[in-house]
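In this note's numbering, the protein residues as written are 16 to 547. No residue lacks a Cβ here, since even glycine has one placed at the ideal position from N, Cα and C. Structure record follows, encoded as structure tokens.
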Amino acid sequence: MAVHESDICIIGGGITSAMLALKLSELRPRASIVVVEAGRSIFDAQNRGRYRERAIHYGEHPWHDDYIEDQQGKGTISMTMAVGGLALHWGGACNRFSEEDLRLKSMYGLAVDWPIEWKELERYYCEAERRLHVAGEPSPYPGDGRSEPYPQPPIPLSYNLQILKQWAETSGLKFNSLPMARNMTPFDGRGACCVYDTCGEVCPSGARYSPDFTFRQLVQPKKITLHDRTLVRRLTLDAAKPAVVSAQGFRQDGPSGDDGAIEYRAKTFVIASGYCWSSHLLLLSSNSRFPNGLANGSGLVGRHMNGHKFIGATATIDAETFPGQNMTHSLISREYFRCRTDRPFVRHDTRVWESSSGREPRLRSPEGRLLLGDEVMTDWRSRTRGSAVRLRAYYDIHPSTDSRLTLDAANRNRHGDPMPKIEHQLDAASQAREGATAEHIRGVFNTLAKASNGRVGNTNTGDYLDHPGGGCRMGTDPATSVCDSFGRTHDHENLFIVGAPTTPTGGCTNGTLTFVALTLRSAEEIAGAHGR
Ligand SMILES: Cc1cc2nc3c(=O)[nH]c(=O)nc-3n(C[C@H](O)[C@H](O)[C@H](O)COP(=O)(O)OP(=O)(O)OC[C@H]3O[C@@H](n4cnc5c(N)ncnc54)[C@H](O)[C@@H]3O)c2cc1C
Ligand code: SF4
16 MAVHESDICI IGGGITSAML ALKLSELRPR ASIVVVEAGR SIFDAQNRGR YRERAIHYGE
76 HPWHDDYIED QQGKGTISMT MAVGGLALHW GGACNRFSEE DLRLKSMYGL AVDWPIEWKE
136 LERYYCEAER RLHVAGEPSP YPGDGRSEPY PQPPIPLSYN LQILKQWAET SGLKFNSLPM
196 ARNMTPFDGR GACCVYDTCG EVCPSGARYS PDFTFRQLVQ PKKITLHDRT LVRRLTLDAA
256 KPAVVSAQGF RQDGPSGDDG AIEYRAKTFV IASGYCWSSH LLLLSSNSRF PNGLANGSGL
316 VGRHMNGHKF IGATATIDAE TFPGQNMTHS LISREYFRCR TDRPFVRHDT RVWESSSGRE
376 PRLRSPEGRL LLGDEVMTDW RSRTRGSAVR LRAYYDIHPS TDSRLTLDAA NRNRHGDPMP
436 KIEHQLDAAS QAREGATAEH IRGVFNTLAK ASNGRVGNTN TGDYLDHPGG GCRMGTDPAT
496 SVCDSFGRTH DHENLFIVGA PTTPTGGCTN GTLTFVALTL RSAEEIAGAH GR
């Protein structure tokens with residue numbers, strides 16, 4: 016069997032892994048670091064404009080082959096497994112959580128407090144924003160104070176968003192341009208945003224940060240070694256101590272005649288495999304000494320799976336906009352991030368996008384008659400009076416202990432390993448307030464709409480939890496948590512878990528900036544374990 020030795024072995028190649036590998040390579044330039052990623056490398060930014068065109072012309076998937084056919088869980092938000100992870104396709108929205116997220120127990124008697132002070136986490140938010148080159152402006156709410164300015168000014172508001180901001184603020188809520196990890200001018204080898212408006216699918220200019228760029232920058236000068244198309248199937252322990260000695264992998268591209276097996280030996284192992292596969296790997300790695308899985312002395316691996324729920328709506332208002340200017344950018348209000356402790360608990364963000372729903376130009380009338388010449392414009396003008404607006408609120412809910420990832424014996428990969436199954440479950444307090452929360456959010460949407468003689472139609476509630484995390488929650492007590500605030504597992508001193516899986520609760524806005532900030536903090540502890 017092939018054996019690979021390094022100082023630090025990072026399992027998974029998503030955004031948290033990229034940030035960890037980058038920072039470790041700076042802090043410990045002499046340490047050997049290997050990143051092992053199950054999926055393939057897609058280092059082809061130069062082709063992305065073409066992929067986008069083919070998607071438009073032929074309906075082709077612009078990210079073909081970014082997943083592994085037989086490595087799929089149930090209850091996941093995306094199938095993507097490739098170098099860059101889910102953030103190959105992310106929108107780049109980079110909101111911070113707020114201090115309330117870290118103090119839910121002490122402020123509201125709900126869920127649990129995070130074992131980290133806001134002031135400390137805030138420093139790592141600044142670092143994450145610098146490294147992801149976030150464009151943003153300070154929030155108008157004093158509670159959202161920052162110790163450093165954003166590294167770039169905000170993305171300018173389109174004419175439409177300027178009109179929608181005036182409209183939305185008539186309600187008394189304050190809005191600002193959503194912070195985004197997008198280059199406004201060329202930076203770090205990536206181009207500037209040309210407002211192609213396709214951020215959610217493919218960014219042809221590279222302006223939107225994605226981790227494949229960081230990996231390429233680390234691999235070419237040999238600052239790290241990257242083994243792609245290599246699935247880590249199990250971690251094994253030292254015979255005498257509860258320290259991890261190896262990660263057992265399978266290489267899809269091993270030499271011919273080889274069974275694909277590869278063993279990674281390292282001083283420190285870091286699981287950066289995201290919200291789903293991190294707990295999964297720990298559960299798969301059970302042995303006679305740890306029959307419930309590694310790092311699972313508490314029995315909490317795969318539990319407290321979290322995220323946030325959401326309610327969306329479309330509204331029509333009288334204020335005039337022109338459909339289709341910049342639909343992937345949006346406004347955010349953090350008005351309801353803070354909840355008075357003497358009021359019923361409700362926390363959510365409030366987002367506003369322009370929408371062209373039902374307002375695209377068309378060549379046929381509803382009866383199917385071909386529209387020609389001026390008829391096209393007349394029809395279009397008649398349908399574009401006023402504005403359509405898309406609204407959404409991510410709201411704060413908390414997981415019960417039974418919000419779980421388990422091994423699904425009925426669904427196995429080619430090696431016979433059971434695949435993960437995630438079933439979210441809210442705690443009793445979250446369930447009890449669901450109706451009141453939905454009513455509050457619908458009230459906010461109605462208040463917004465009324466400001467311009469508008470009305471809200473089509474309200475819908477998401478049927479999954481977005482920006483999922485959990486499964487290996489952090490804490491100070493080994494009986495009630497899996498790892499400490501740096502991600503070091505309570506049970507194995509040389510095994511860390513970083514980012515999303517370590518979060519005790521899922522906040523009420525996009526989570527990735529928080530996952531990265533936590534990971535950058537972990538990086539210092541992991542580097543510290545490798546001497547000065
Ligand atoms: C369409 C879309 C849009 C999004 N937009 C936003 C947004 O605008 N803002 C925001 O905050 N968030 C957004 N998100 C969420 C965001 O992408 C994720 O939170 C983030 O990318 C998670 O990064 P990660 O490093 O934790 O995990 P992942 O991206 O899941 O990376 C983990 C990696 O580990 C690999 N891996 C797993 N197990 C193993 C193993 N055993 N061996 C080897 N490799 C393994 C996987 O293949 C994967 O590449 C979006 C997500 C999607 C799908
Ligand atoms: S608007 Fe276009 S160029 Fe700008 S970040 Fe999005 S996809 Fe990239």
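Report the start-end ranges of each beta strand (DSSP E) in the segment 432-480 that is 3 residues or longer and not cut off at the edges. 433-438 and 470-476
Checklist entry - Which class does Met34 belong to by DSSP, given the choice of helix, strand or coil? => result helix
| field | Run of the beta strand (DSSP E) containing Leu406, from where it starts to where it stops | value | Ser402 to Tyr410
My output table needs one value for Asp227: the three-state DSSP class, helix, strand or coil. helix
Rounded straight-line distance, which links the Cα of Ala276 to that of Gly431: 15 Å
| query | Per the contact definition of three or more C-beta pairs closer than 8 Å, is the segment 252-263 in contact with the segment 58-74? | reply | no
Have a look at Trp133 and Ser56 and give me their C-alpha separation to the nearest angstrom.
36 Å
Next on the checklist: Three or more C-beta pairs under 8 Å: does that hold for the segment 283-295 against the segment 369-377?
Outcome noted: no
Residue range of the beta strand (DSSP E) that Asp22 falls in?
Ala17 to Ile26
Counting Cβ pairs, one atom from each stretch, are 3 or more of them under 8 Å apart for the segment 409-426 and the segment 314-326?
yes
Going by the beta-carbon positions, is the gap between Leu510 and Ala334 smaller than 9 Å? no
For a quick check, are the C-beta atoms of His242 and Val51 less than 9 Å apart?
yes
> How many angstroms separate the CA atom of Gly90 from the CA atom of Gly469?
Replying inline: 37 Å
Cβ-based burial, Pro306 [other Cβ within 10 Å; buried from 16]
exposed
* Asked: Which residue comes first and which comes last in the alpha helix (DSSP H) that contains Phe511?
  -> Not the alpha helix (DSSP H): Phe511 falls in the beta strand (DSSP E), residues Leu510 to Ile512.
Check your understanding: Quick one, which of Trp105, Leu441, Val285 and Phe460 has its alpha-carbon nearest Gly27's?
Key -> Val285
Review point. Are the segment 334-344 and the segment 489-498 touching by the rule of at least three beta carbon pairs closer than 8 Å?
Key: no
(message) Is Arg118 close to ligand 2? I mean its beta-carbon at under 8 Å from any heavy atom of the ligand.
(response) no
For Asp212, is the beta carbon positioned less than 8 Å from some heavy atom of ligand 2? yes
Sequence-distant residues of the same chain with beta carbon closer than 6 Å to Thr534, five excluded per side: Thr31, Met34, Leu35, Val513 and Gly514
Residue range of the unbroken alpha helix (DSSP H) whose run includes Phe15
The structure shown does not extend to residue 15, since the chain is modelled only from 16 to 547, so the question has no answer here.
Exercise. Does DSSP classify Thr393 as helix, strand or coil?
Worked result: helix
Does the distance from the C-beta atom of Thr399 to that of Ala102 stay below 9 Å? no
Quiz item: Just the Cα atoms here: how many angstroms apart are Tyr224 and Leu147?
Solution: 6 Å
ask   = Using a beta-carbon distance below 9 Å, is Phe460 in contact with chain B?
value = Among the chains of the structure shown, chain B does not appear; only one protein chain is present.
Notebook entry, point to check: Do you know how far the Cα of Phe460 is from the Cα of Glu298?
Noted result: The residue you asked about is not Glu; residue 298 is Leu in the sequence shown. Cα to Cα, Leu298 sits roughly 43 Å from Phe460.
Could you have a look at Asp116 and say whether DSSP puts it in helix, strand or coil? helix
| Are there 16 or more other CB atoms within 10 angstroms of the CB of Lys38, so buried, or fewer, so exposed? | buried
Quick one, which of Ser445, Glu184 and Arg43 has its alpha-carbon nearest Thr462's? Glu184
key: Three-state secondary structure assigned by DSSP to Asn110   = coil
| query | Quick one: what's His242 bridged to in DSSP? | reply | Val51
Look up Pro352 in the DSSP assignment and give the residues it is bridged to. Strictly speaking, residue 352 in this sequence is Phe, with Pro absent from that position. Its beta-bridge partners do not exist; DSSP assigns none.
Run the CB neighbour count on Cys8, radius 10 Å, all protein chains shown included, and call it buried at 16 or more, exposed below. Residue coverage of the chain in this structure runs from 16 to 547, which leaves residue 8 outside it and unanswerable.
ask   = Does DSSP put Cys498 in a helix, a strand or coil?
value = strand
Review point. Alpha carbon to alpha carbon, what distance is there between Tyr140 and Arg111?
Key: 7 Å
- Is any heavy atom in ligand 2 found nearer than 8 Å to the beta carbon of Arg223? yes
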